Amino acid sequence: MQTFFNKAKQAVYIRIELQPAQEGMIEASTLAKILNALETSFVNLAEAEIQNRYSGQTSALKKETKLFLAATKLMVVDFDFARMTFALAPDLSPADYPFKVLTNFMAIKEACFKLWVDTVFTDAFFSADVVEKMAEKYSAKQRIGIFKPVYDELINQEGFTIYFGNDATSTSKKWLKTDDQALLTKLMPEAVKKAKEAVETYYQLVKTGEENDLFGKRSTYKKVLVTETARQDVYPYQVKKVKVDQKVVFLSRQLSAEVQVKDGFYQISLPELQISVTEKQRADAEKAFDAALAQLIDRFNKGNLNSTNQKSRTVFLKLKELLTEH
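Residues 654 to 979, numbered by the working numbering, are exactly what the sequence shown covers, in order.
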């Protein structure tokens, strides 16, 4: 099948500067790492956009999203080894599947590519304004998927520097590194953090009889200690919408609830709405949090909040702000 792209309108030009400089050649592993990081970031942004644009995650939408992402490719064009530059463009091949939910298949592809270029290819990548804007637009998990591949594989590297621009002759922009841990953490909160204390697991080998083993020795009792570090998902749980009585309710801003692990249980809490839930698994804790928030909104809609209590009045006012449409 023929592939289509519009080089004039839909392309971002990239130049690789190697340290030390090597004229006309680059290691295959380095080039593969660069291209893979870029495509991973692009596909993750496209998935985030579909999730944010469509409120109801129906089975049909989930199926079409998978098909859409499978067809969402980046094409490498105009590769110039002498200058170590190339252009990336979206694959605008016609859909070979009759999309019924994502009917504007091609328009979404083009829009996602333009948005990805405008979002990722900026020398203001780590500015406070950009980070704040991204934190409001995308969830923690989405931001990790979009920005972490670029940061880990392209920006935070010593062997090469990536420059970019709108055409082959103006690739002078580059990502500026930062040591501001607060900005880095807000833009790309770690999906997995190590627990402070190690978990100790004991295994005991027990003899099963009095007979000798193959080497003529009697089996004995032995205790083996294995120490490993637990890995726990403690990034913030962010909520922009919630289902109340089979209806999706969008909030005026994204909530960011704190996640902690205590005694092996996940606790998700949002003090401003006096919500705190505890479950064994993070997924179950997230469901419990959504249920608690939905119940609170339902009580608010039915006028059942106890407004005579000061704490209830405070929650009432904050919830009212969250449910105000913009």
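Beta carbons are placed, not taken as given, at the ideal position from N, Cα and C, and that holds for glycine.
Note that the structure is predicted; figures quoted are calculated from it, not measured.
- Under the Cβ criterion (8 Å, minimum of three pairs), the stretch 673-689 does not count as touching the stretch 784-793.
- Closest option to Pro743, judged by alpha-carbon separation, among Met728, Lys933, Val773: Met728.
- With respect to the C-alpha of Ser746, the residue from Gln810, Asn697, Lys762 having the closest C-alpha is Lys762.
- In the same chain as Leu698, and ignoring 5 residues on each side of it, the C-beta atoms closer than 6 Å to its own belong to Trp769, Ile799, in chain order.
- Of the residues assessed, Phe695 falls on the buried side of the cut-off, its CB having 16 or more other CB atoms within 10 angstroms.
- Per DSSP, Ile808 lies in no alpha helix (DSSP H) and is assigned neither H nor E.
- Boundaries of the alpha helix (DSSP H) around Glu692: 681-706.
- Excluding five sequence positions before and after Thr824, the CB atoms of its chain that fall closer than 8 Å to its own CB belong to Tyr666, Ile667, Arg668, Thr738, Tyr816, Phe817, Gly818, given in chain order.
- The Cβ atoms of Ser792 and Gln891 sit closer than 8 Å to each other.
- CA-CA distance, Phe766 to Gln663, rounds to 8 Å.
- Buried is the label assigned to Pro842, since at least 16 other Cβ atoms lie within 10 Å of its Cβ.
- Here the alpha carbon of Ala910 sits roughly 13 Å from the alpha carbon of Arg935.
- In the DSSP annotation of this structure, Gln672 is not part of any beta strand (DSSP E), being labelled neither H nor E.
- According to the DSSP secondary-structure assignment, Phe721 is paired through a beta bridge with no residue.
- The shortest CA-to-CA distance from Tyr707 to any of Lys940, Leu755, Lys686 is the one to Leu755.
- In this structure, Ala724 keeps its C-beta atom at 8 Å or more from the C-beta atom of Lys753.
- For the pair of segments examined, the stretch 910-922 was found not to touch the stretch 966-976: the number of CB pairs separated by less than 8 Å stays below three.
- Around the Cβ of Phe903, a 10 Å sphere holds fewer than 16 other Cβ atoms; the residue is exposed.
- A residue is called buried when at least 16 other Cβ atoms come within 10 angstroms of its Cβ; Gln834 does not meet this threshold and is exposed.
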